[in-house]
Every structure is written in C-alpha cells, then in structure tokens.
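Visitor: Would you mind keeping the following structure in view while I ask a few things?
And the structure:
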C-alpha cells in the first residue's frame, strides 16, 4: 500500500542502505547496515555508540576462538546476548534491527552455522561457492567457482537452506565470486527460486569497493563481472527480484531503465522494514 503512494523520486531514496524518511507517508529514515559478527560492532553505520545512553556493547571472542570451545550452548548464548543488546539499542534509537554476520561462523563449520531463533532480521552470507581466499594468488573477488550440481546440493546449498527454513533467517547475501562464469549476485533464476520456495529476500552488495559496502537495497556490480562501463548492468538486481539499486554508481539515465520496476523493489524493502 505504502509503495503505491510514493512518487519515483521517493522510491529511489529507499533503495540504498541509508533509506531516507518520507514524512508525508509517516516513513522514518532507516539505516539497514549493522554488524554483529561477535558482538555489536561500530563499523556498521546503523549502530551509534555516541548518540545515546548506550556507550558500548559486549565484545565476545573472535569466532575461531569461540569455535575452539566446541560448545554449541555457548554459541547460542553469545548469539542471544548479542540479540538482546541489539534490541536494547534499537529501543533507544541507537541501532536498527538488521545485522550481518557471515554464515561461516563457529570455525567455518557449515553444519553449525544456523541459529535456533530470530530476534533480529538475520541475514546469512555469502551465497555461494565463497570459500577460497588468497590461495595461489586467487582472491574471492575474482574467483570463478566451478561447482557440480551434486556438490552444490550436497555441500554448498544445505547450510543456507537450513539457515532459512530451520533458523528462520529473513534474507541471504550473495557472494563476490562467480559461479560457473556467472557473478553470484547475478544468478537471477536461482534467486527467484529461493524467494519462491523459501520466502526469502536476497541482499546484494554493490560498488567499486565491494568489500567496503554492505547495502541491503543495493545492486551488485562485482569487480570481476563488469569491464568498462558498469552502469548498464546496474538494473539487473531489480529485474531478478532483489530489492536493490545502487546509490553510489547509478546516474540519472539509469533510473529511466528501471522506473517500472521501482514499485516492486520498494515493496520488498518496506515489507522487510515494517512486517
């Protein structure tokens, strides 16, 4: 309903990590990007430790150290404590409710990656084939993962499926690499199936320095996927059903290509924010 009341200029302001307010519709500003890998972190712009009564948060051990305990109950307790602190910060206006933490928690043990409940809007990342970094000169930003269908179903898909179906996470974040020559964030047919069967949203990274950006409502233009002018590919995320548009690299003429898709994209974002 709200998406239908917006004009195009207003819709555009909703499609980045820092969504602007729309006073006439009663929509407040919202920052989607917050981090909570092993406690509430300050490197996500959605969290502020200087603008309110909460001046700090509990910082737990690095996840590899936590994994070394082999104590699943401890992992759950840490996650719950982090969620309680995040909720408290949200209640006093110092944080949002969308927090990122990689799926490879607990020592990269994929079977232990999912949680037992949802107090925040949890996002599982990075999907998919994202497990190679600085090996014989290969980086995750330029790696082409050649994965067989059997390997995908046996190894790579199950932890994300469990994350959504069992732990009730609300979204997935795609990875920087390619899969069989296709940028992971451009696998439209895969994302549509995920949203249809798992009722899950897809989060897309974006920008020239993708490792520095984490916009909930952004289209990905991977470093390895685009040569030369990347603006022509930017609307792809909206077309494949991701609630996405980059706020950092699109120019005005790009918006004309996707004006008819803005309603759908904004609707996805508003559902995540208000439902």
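Numbering (the UniProt record's numbering), first residue to last: 1 to 275.
We treat Cβ as the ideally placed atom computed from N, Cα and C, and that holds for glycine.
#1: Can the beta-carbon of residue 100 be found less than 7 Å from the beta-carbon of residue 123?
#2: Which complete beta strand (DSSP E) runs does the stretch 144 to 183 hold, if anything under 3 residues is left out?
#3: Within the continuous alpha helix (DSSP H) that includes residue 75, where are the two ends?
#4: Kindly give me the distance between the Cβ atoms of residue 129 and residue 184, rounded to whole angstroms, as I take these residues to be in contact under 8 Å.
#5: Strictly under 7 Å for the Cβ-Cβ distance: is residue 24 near chain D by that measure?
#6: In angstroms with no decimal places, state the Cα-to-Cα distance between residue 135 and residue 23.
#7: In the structure shown, what three-state DSSP assignment does residue 40 receive?
#8: Go ahead and label residue 9 buried or exposed: buried means 16 or more other beta carbons lie within 10 angstroms of its beta carbon, across all protein chains shown.
#9: Which partner residues does residue 124 have in the DSSP bridge list?
#10: Would you mind reading off the limits of the alpha helix (DSSP H) that contains residue 66?
#11: Hey, residue 29 and residue 21: beta-carbon distance below 7 Å or not?
#12: Are the CB atoms of residue 96 and residue 162 within a distance shorter than 7 Å?
Guide: So, from the listed chains and residues:
#1: yes
#2: 171 to 174
#3: 72 to 91
#4: 7 Å
#5: Looking for chain D here will not work: only one protein chain is present.
#6: 50 Å
#7: coil
#8: exposed
#9: 172
#10: 63 to 67
#11: yes
#12: no
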